[in-house]
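S.K.: Take numbering that gives the first Met the number 0: the last position of the sequence shown gets the number 276, and nothing is skipped along the way. Got a structure for you, questions after.
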Amino acid sequence: MTVTAVSTSTLQEGLAHTPAPIATLLEIVFPGDTNHHGTLFGGAGLAYMDRIAFIAASRHGRVPFVTASCENVGFHKPAHVGEIVSFDASIREVRRRSLTVEVKMAAQTILGGERHVCTAGVFHMVALPAEGKAAGWSLPPLTEEAAPARPDELRMADIVFADQVNGNGALFGGHALAFMTKAAFISASRLSGRLTVLAATRQIEFHHPVALGAIVEAVARIASVGRSSIHVEVDLWSEGLLTGKRQLAAKGQFVMVAVDASHRPVAARQKPSAPES
Numbered sequence: 000m001t002v003t004a005v006s007t008s009t010l011q012e013g014l015a016h017t018p019a020p021i022a023t024l025l026e027i028v029f030p031g032d033t034n035h036h037g038t039l040f041g042g043a044g045l046a047y048m049d050r051i052a053f054i055a056a057s058r059h060g061r062v063p064f065v066t067a068s069c070e071n072v073g074f075h076k077p078a079h080v081g082e083i084v085s086f087d088a089s090i091r092e093v094r095r096r097s098l099t100v101e102v103k104m105a106a107q108t109i110l111g112g113e114r115h116v117c118t119a120g121v122f123h124m125v126a127l128p129a130e131g132k133a134a135g136w137s138l139p140p141l142t143e144e145a146a147p148a149r150p151d152e153l154r155m156a157d158i159v160f161a162d163q164v165n166g167n168g169a170l171f172g173g174h175a176l177a178f179m180t181k182a183a184f185i186s187a188s189r190l191s192g193r194l195t196v197l198a199a200t201r202q203i204e205f206h207h208p209v210a211l212g213a214i215v216e217a218v219a220r221i222a223s224v225g226r227s228s229i230h231v232e233v234d235l236w237s238e239g240l241l242t243g244k245r246q247l248a249a250k251g252q253f254v255m256v257a258v259d260a261s262h263r264p265v266a267a268r269q270k271p272s273a274p275e276s
């Protein structure tokens with residue numbers, strides 16, 4: 000693994016030309032993921048970056064991939080406990096049996112929604128096609144950029160690992176609910192700029208199992224906003240890693256309530272500050 004520091008100006012210049020992400024992973028920084036400074040471990044950040052690079056590569060090639068190297072990784076600002084961290088992956092270059100993924104990591108405060116770029120890096124992924132593939136097989140070319148995300152939707156993808164499945168190799172319902180709740184929390188918190196807590200769930204439906212090794216993606220949309228409550232609709236999709244087949248795995252509505260530091264309900268939307276005279 001090659002890790003090279005880059006300047007902030009170089010980082011910002013490169014990000015200005017980054018295509019729309021093909022995959023986004025969202026996490027919340029918890030104390031167990033931090034060092035003694037209360038900031039996200041660099042190794043944990045790199046692990047998340049590598050994971051979303053793998054998802055992006057798999058979505059493009061639909062064959063197994065391994066990470067060959069990463070480079071141009073420079074940590075410029077930390078992610079603190081309680082912040083929302085996003086990892087956006089974009090395909091930059093495709094060769095015969097390898098491709099390059101650029102990953103950007105950014106942190107956002109819940110209160111106020113202040114956002115800053117923490118780091119960015121380039122991951123070189125190598126395809127491992129099945130033995131039956133023709134000798135002249137190659138990855139599909141990079142044709143057009145991914146469509147930018149809809150402003151009224153939040154999308155977050157991840158991989159189902161072995162410690163998250165039951166004896167039948169399917170994602171535990173509790174893990175699915177936790178993933179959907181995380182999407183609802185992030186969506187509601189970004190809208191309100193306040194801390195939100197789960198007050199209730201409405202009509203949770205499980206439609207299809209999510210297999211070990213599949214990509215799982217939550218799609219969250221704000222359904223309605225009350226005085227202190229925010230209703231978030233979340234769909235959970237299963238996506239075959241090698242086939243790309245998507246199936247609706249679960250859906251439900253989550254009622255989030257905006258609270259203050261004393262955990263008392265407050266207005267879901269902050270009033271804009273008055274302009275200075």
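Beta carbons are placed, not taken as given, at the ideal position from N, Cα and C, and that holds for glycine.
I'd like to know whether the C-beta atoms of alanine 106 and isoleucine 83 end up nearer to each other than 9 Å.
M.R.: Counted from its first residue, the sequence shown places residue 106 at position 107. Counted from its first residue, the sequence shown places residue 83 at position 84. For alanine 106 and isoleucine 83, yes; Cβs fall inside 9 Å.
S.K.: Which residues does DSSP list as the beta-bridge partners of tryptophan 236?
M.R.: Taking the sequence shown and counting its residues from 1, one reaches residue 236 at position 237. In DSSP, tryptophan 236 forms a bridge with Glu216, Leu247.
S.K.: DSSP beta-bridge partners for aspartate 157?
M.R.: Position 158 of the sequence shown holds residue 157. Answer is Val215.
S.K.: Taking the CB atoms as reference points, tell me whether alanine 55 and proline 20 lie closer together than 9 Å.
M.R.: Along the sequence shown, one-based indexing puts residue 55 at 56. Along the sequence shown, one-based indexing puts residue 20 at 21. Closer than 9 Å, so yes.
S.K.: Sorted by chain position, which residues of the same chain lie with C-beta nearer than 7 Å to alanine 198's C-beta, five sequence neighbours on each side aside?
M.R.: Mapped onto the sequence shown, residue 198 falls at position 199. So the list reads Ser228, Val254, Met255, Val256, once near-sequence residues are dropped.
S.K.: Whose C-beta lies closer than 7 Å to the C-beta of valine 164 among residues of the same chain, with five residues either side of it excluded?
M.R.: The residue labelled residue 164 in the question sits at position 165 within the sequence shown. In its chain, beyond the 5 residues on either side, Leu170, Phe171, Leu211 have a beta carbon closer than 7 Å to the beta carbon of valine 164.
S.K.: Tell me whether serine 137 sits in a helix, a strand or coil according to DSSP, three-state version.
M.R.: Within the sequence shown, residue 137 is the residue found at index 138, counting from 1. Serine 137 falls in the coil class under three-state DSSP.
S.K.: Can you give me the start and stop residues for the alpha helix (DSSP H) that alanine 148 sits inside?
M.R.: Residue numbering aside, residue 148 sits at position 149 when the sequence shown is read from its first letter. Going by DSSP, alanine 148 is part of no alpha helix (DSSP H) at all; its letter is neither H nor E.
S.K.: Ends of the alpha helix (DSSP H) at isoleucine 185?
M.R.: Position 186 of the sequence shown, counting from 1, holds the residue named residue 185. It spans 172 to 191 - the alpha helix (DSSP H) in which isoleucine 185 sits, taken as one unbroken run.
S.K.: Could you tell me if valine 196 is buried or exposed, where buried requires 16 or more neighbouring beta carbons within 10 angstroms of its beta carbon?
M.R.: As a position in the sequence shown, residue 196 is number 197, starting the count at 1. By the neighbour-count rule (16 or more Cβ atoms within 10 Å), valine 196 is not buried but exposed.
S.K.: Contact check, threonine 38 vs proline 77 under 8 Å by CB: the rounded distance?
M.R.: Counted from its first residue, the sequence shown places residue 38 at position 39. Counted from its first residue, the sequence shown places residue 77 at position 78. Going by Cβ atoms, the distance from threonine 38 to proline 77 rounds to 4 Å, so yes, they are a contact pair.
S.K.: How do the region 241 to 254 and the region 212 to 232 stand: do at least 3 beta-carbon pairs fall below 8 Å, yes or no?
M.R.: yes
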